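Visitor: Mind looking over this structure? Questions follow.
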Amino acid sequence: GQKVVRISDRERTEMLEGLRANWTASNKEFMEMHLVVDTLKGSNRRQLLEDRLADLERNIAILEKGEVYVVLE
C-alpha cells in the first residue's frame, strides 16, 4: 500500500535551496539567449528553458507553503 509521510523542515529547506539554485542557473541561461531565436534548435532550447523555469517556480511555491507530505509506494 501507499504511505504518506511529512518531509522534515531540514529536507524541505534543502530542497528549496536546490530548487532556487537551479532556477537561478536556468534563468541566467535563459536571459543570455538571443532575444530573437532564428533556428529550430534555439527555439526548442528556449521552450525547454521556459518549461523548466515554470516547473521550478511551481515546486518552489509548493515548498514555501510550509509542511509538505509525500506519498511513498
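When the letters of the sequence shown are read in order and numbered with the UniProt record's numbering, they come out as residues 1 to 73.
All residues carry an ideal CB built from backbone N, CA and C; glycine is no exception.
The structure presented is a predicted model; accordingly, all values stated were derived computationally and were not measured.
Beta-carbon within less than 6 Å of Tyr69's beta-carbon, same chain only, minus the 5 sequence neighbours each way: which residues are those?
Guide: Position 69 of the sequence shown, counting from 1, holds the residue named residue 69. Same-chain partners within the cutoff: Val4 and Arg6.
Visitor: Quick test of your reading: Gln2 and Leu72, contact by CB under 8 Å. State the CB separation rounded to the nearest angstrom.
Guide: Looking up residue 2 in the sequence shown gives position 2. Looking up residue 72 in the sequence shown gives position 72. Contact holds; Cβ gap of about 7 Å.
Visitor: Using only the alpha-carbon positions, how far apart do Ser26 and Leu40 sit?
Guide: Here residue 26 refers to the residue found at position 26 of the sequence shown. Here residue 40 refers to the residue found at position 40 of the sequence shown. Ser26 and Leu40: Cα-Cα distance of roughly 20 Å.
Visitor: Look at the alpha carbon of His34 and the alpha carbon of Glu57, and state the distance between them as a whole number of angstroms.
Guide: By 1-based counting over the sequence shown, the position of residue 34 is 34. By 1-based counting over the sequence shown, the position of residue 57 is 57. Taking the straight line joining both Cα atoms gives about 23 Å.
Visitor: Restricting to Cα atoms, I'd like to know which of Asn59, Ile60, Ala61 and Glu29 is closest to Leu48.
Guide: Taking the sequence shown and counting its residues from 1, the one referred to as residue 48 is at position 48. When each option's Cα is compared against that of Leu48, the closest is Glu29.
Visitor: Is DSSP giving Leu35 helix, strand or coil here?
Guide: The residue labelled residue 35 in the question sits at position 35 within the sequence shown. In this structure, Leu35 counts as coil in the three-state DSSP scheme.
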